[in-house]
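Here the structure comes first, spelled out in structure tokens, and everything after it is commentary.
Residue numbers (the numbering used here), protein chains in the order written: chain A, 1 to 309; chain B, 310 to 661.
What follows is the structure, encoded as structure tokens:
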């Protein structure tokens, strides 16, 4: 276990380092300058600005300096918003993203679990077909298409919920629902197939044979065992939610990290694009790592490499 | 008497029973053994090849078959659609801008040329030509643009999936076939690549490349092949240890013969399934990139670009959003269902 942990943490650091390096050098290749209206600046002003942001140094020095700052949690300054650090922009924006992200994860997981469990218990019934169809729809329809339609019908036509903006709890509902669709579909499909597999296991037959009542069999044996692998879905789900926030925050004008990212891409705010890319990647790597560890604890059958069973 | 090779016990029996032994063996001494009904059936059917069997299984899957036909129909319409009327995808007719959809004979389905304010724009402006899906703000025909966009989206997805396939098969094949240190190093690289979120890399690459079809494809394959490489590697590792490979090798088969004649045909199933899942992902990424403003440049259209345009004016001209949205959703659903069906058909063990 210890050896495995050390190995995994090593991989995490290497991956992160690769991402940071790729991001840094890709940003160097970007066309244009990071300053707004560079043609209006005199050579002297440009020189001062370049010196201020360290852009007059050779690329190698800039890279080492960036790495050094990064270790201390300093992601540099935004080129578009004078005097604002990238880290402060991320910490200001993370709240709304985390809120709708978690809310979507909770809604999606609960509905997904219910749909998946019931359709496995009522295998081949109308309910089963219905929820399988829903799951296919949810996985196939792009989240931004669904979000746009949701905004049009619920927000614009029916006027039940705010169309956009970030004012009070009611404005978090539509973006969360739009985000949760992928989660619901993925979880429902996954838990359904897990349940069907567990239902055919010998220990379920044994439990029934020894006279356990059906409800107990389902709750104690089937659902508990089917739930374990669902933890592995957290990695892909985190990615789906991250991807989703980029477009859904744009659609519903949520002042979150995703909206900042798409905005920075449009105005080519290099340091912010870099900072958020690295932040997202680190988050993703961390989630996958934690999921792997939790899974090992939940399922005693899992052994880690280099450890004997 | 014939020398018997039987055991002594048998010999004793033969002797004690004092059997009648004919001088000559004639046909009437033989009796026809009754042919087992089940046996006859077993022998009767010609051997079914793996692919035929897989196809039969697929044909039984209604969802997959409907998806297959819908997809074929969509592809045909995407190819001939743009030339079904006199407009081109880039031709602007400013006086005909923002016209709602109108089709002769389909008025009852909503194709009546009436806009969101209840005004029949065609009667109002005295326009004789019908725009089946309406027009955009520059008066471009949306029917032509939607199908042209479908063409481009499908093209991007197919090419990206094909390139993923080639890179993934070569990489995964080399890694697993040669094994040892080669495999070790190649796997370490993959493990690092797996940790990087695709989307971030795609966005960063699109930013530095000139926007266009080629750069979207390129950005998508940079990380896209990893999944395919892993599938191929896993399969080849499994097959490599099996007897038929050993037998072939013992008979002196060369590496290339082993790869082309024994390993690849056996990995085809999972490869096809992976490709079928890659295509909808690629379509999604293309639309996603267009939606956040990193897509194709006007006047070129892809489904993503059309959805983005339609989204901007959805409040008053919802038809601009709905047609491309329906087309992309249908394509995605069909590809997913077909891929599911193929997975079940090609490898019942993979069934989820």
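No residue lacks a Cβ here, since even glycine has one placed at the ideal position from N, Cα and C.
Quick check: the stretch 527–541 of chain B against the stretch 474–484 of chain B, are there 3 or more CB pairs under 8 Å?
Enough Cβ pairs lie closer than 8 Å, so yes.
Measure the alpha-carbon distance for residue 616/B versus residue 509/B and round it to whole angstroms.
Within the second chain, residue 616/B is the residue found at index 307, counting from 1. Within the second chain, residue 509/B is the residue found at index 200, counting from 1. Roughly 22 Å separates the two Cα atoms.
Could you work out which residue in 458/B, 576/B, 520/B and 530/B is closest to residue 486/B when comparing CA atoms only?
Locating residue 486/B in the second chain gives position 177, counting from the first residue. Closest by alpha carbon: 576/B.
Is the distance from the Cβ of residue 247/A to the Cβ of residue 127/A below 8 Å?
The sequence position of residue 247/A within the first chain is 247, counting from 1. The sequence position of residue 127/A within the first chain is 127, counting from 1. No, these two residues do not count as a Cβ contact at 8 Å.
Can you list, in chain order, the residues of the stretch 121–148 of chain A whose Cβ is nearer than 7 Å to any Cβ on chain B?
Against chain B - using a Cβ distance shorter than 7 Å - the residues of the stretch 121–148 of chain A are 136, 137, 139, 140, 141, 142, 144, 145 and 148.
Between the alpha carbons of residue 323/B and residue 334/B, how many angstroms are there, rounded?
On the second chain, residue 323/B is found 14 positions in, with the first residue counted as 1. On the second chain, residue 334/B is found 25 positions in, with the first residue counted as 1. Because residue 323/B carries a pLDDT of 48, less than 50, the predicted location of this residue cannot be relied on, and the following value inherits that uncertainty. If you take the alpha carbons of residue 323/B and residue 334/B, they lie about 19 Å apart.
For residue 599/B and chain A, any beta-carbon pair shorter than 8 Å?
Locating residue 599/B in the second chain gives position 290, counting from the first residue. Answer no: the Cβ-Cβ gap between residue 599/B and chain A never drops below 8 Å.
Using only the alpha-carbon positions, how far apart do residue 194/A and residue 112/A sit?
Indexing the first chain from 1 puts residue 194/A at position 194. Indexing the first chain from 1 puts residue 112/A at position 112. If you take the alpha carbons of residue 194/A and residue 112/A, they lie about 13 Å apart.
Determine the chain B residues that contact residue 19/A at a beta-carbon separation under 7 Å, and present them in chain order.
Translated into positions along the first chain, residue 19/A becomes position 19. Neighbours of residue 19/A on chain B, chain order: 505.
Is the number of C-beta pairs between the stretch 182–200 of chain A and the stretch 128–143 of chain A that are closer than 8 Å three or more?
The stretch 182–200 of chain A, when compared against the stretch 128–143 of chain A, does touch it at the 8 Å Cβ threshold.
Find the nearest neighbour of residue 165/A within the set 259/A, 215/A and 82/A, judged by alpha-carbon distance.
Within the first chain, numbered from 1, the residue matching residue 165/A stands at position 165. Taking only the C-alpha atoms, the option nearest residue 165/A is 259/A.
Closer than 8 Å between beta carbons: that is the criterion. Which residues of the stretch 580–611 of chain B meet it against chain A?
Hits within the stretch, in order: 589, 593, 596, 597, 600, 601, 602 and 603.
Would you call the stretch 460–475 of chain B in contact with the stretch 587–601 of chain B, where contact means no fewer than 3 C-beta pairs closer than 8 Å?
Contact holds: three or more Cβ-Cβ distances are below 8 Å.
Which residues mark the beginning and the end of the alpha helix (DSSP H) in which residue 429/B is found?
For the purposes of this step, residue 429/B is identified with residue 120 of the second chain, where counting begins at 1. Residue 429/B -> no alpha helix (DSSP H), and no H or E assigned at all.
Can you tell me which residues form a DSSP beta bridge with residue 444/B?
For this step, residue 444/B is matched to residue 135 along the second chain. 450/B, per the DSSP bridge assignment.
Keeping to the same chain, check which residues put their C-beta closer than 6 Å to that of residue 115/A; ignore five residues upstream and five downstream.
Position 115 of the first chain, counted from the first residue, corresponds to residue 115/A. Excluding residues within five positions, the ones whose Cβ falls inside 6 Å are 131 and 188.
Quick check: is the beta carbon of residue 4/A nearer than 8 Å to any beta carbon in chain B?
As a first step, residue 4/A is located in the first chain; it is residue number 4 there, counting from the start. False, the Cβ-Cβ gap to chain B never drops below 8 Å.
For a test of the three-state rule: what should DSSP assign to residue 329/B, helix, strand or coil?
If you number the second chain from 1, residue 329/B lands on position 20. It is coil, neither helix nor strand.
Starting from residue 620/B, find everything on chain A with Cβ-Cβ shorter than 7 Å and list it in chain order.
Residue 620/B sits at position 311 when you count from the first residue of the second chain. The answer, in chain order, is 148.
CB-CB under 6 Å to residue 666/B, same chain, minus the five flanking residues each way: which ones, in chain order?
Residue 666/B is absent from the structure shown; chain B starts at 310 and stops at 661.
Out of 223/A, 95/A and 30/A, state which residue places its alpha-carbon closest to the alpha-carbon of residue 119/A.
Within the first chain, the letter at position 119 stands for residue 119/A. Residue 223/A is the option with its Cα nearest to residue 119/A.
Return the CA-CA distance between residue 19/A and residue 611/B, expressed in angstroms with no decimal places.
Locating residue 19/A in the first chain gives position 19, counting from the first residue. Locating residue 611/B in the second chain gives position 302, counting from the first residue. Rounded to the nearest angstrom, the two C-alpha atoms are 30 Å apart.
Can you tell me which of 625/B, 613/B and 629/B puts its alpha carbon nearest to the alpha carbon of residue 619/B?
Numbered from its first residue, the second chain carries residue 619/B at position 310. It is 629/B whose Cα lies nearest to the Cα of residue 619/B.
So, helix, strand or coil for residue 411/B, using DSSP?
Here residue 411/B is taken as the residue at index 102 of the second chain, counted from 1. Strand at residue 411/B.
Name the chain A residues that come within less than 8 Å of residue 501/B, Cβ to Cβ?
Locating residue 501/B in the second chain gives position 192, where the first residue counts as 1. Those within 8 Å of residue 501/B in chain A are 11, 14, 15 and 18.
Along the chain, where does the alpha helix (DSSP H) containing residue 370/B start, and where does it finish?
One-based indexing of the second chain puts residue 370/B at position 61. Taken as a continuous stretch (DSSP letters only), residue 370/B belongs to no alpha helix (DSSP H), as it is neither H nor E.
Report the rounded CA-to-CA distance for residue 299/A versus residue 220/A, giving the unit in angstroms.
Walking along the first chain from the start, residue 299/A turns up at place 299. Walking along the first chain from the start, residue 220/A turns up at place 220. One C-alpha to the other measures close to 15 Å.
Could you tell me whether the Cβ of residue 745/B comes closer than 8 Å to any Cβ of chain A?
As displayed, chain B neither begins before 310 nor continues past 661, which places residue 745/B out of reach and without an answer.
State yes or no: is the beta carbon of residue 250/A nearer than 8 Å to at least one beta carbon in chain B?
Indexing the first chain from 1 puts residue 250/A at position 250. It does: the Cβ of residue 250/A has a partner Cβ on chain B nearer than 8 Å.
Excluding the 5 residues flanking residue 148/A on each side, which residues of the same chain have their C-beta closer than 7 Å to its C-beta?
The sequence position of residue 148/A within the first chain is 148, counting from 1. These residues qualify, in order along the chain: 251.
DSSP on residue 625/B, reduced to helix/strand/coil?
Within the second chain, the letter at position 316 stands for residue 625/B. DSSP places residue 625/B in coil when its eight states are reduced to three.
In the DSSP assignment, find the unbroken alpha helix (DSSP H) run with residue 244/A in it and report its ends.
Translated into positions along the first chain, residue 244/A becomes position 244. That run of the alpha helix (DSSP H) goes 234–251.
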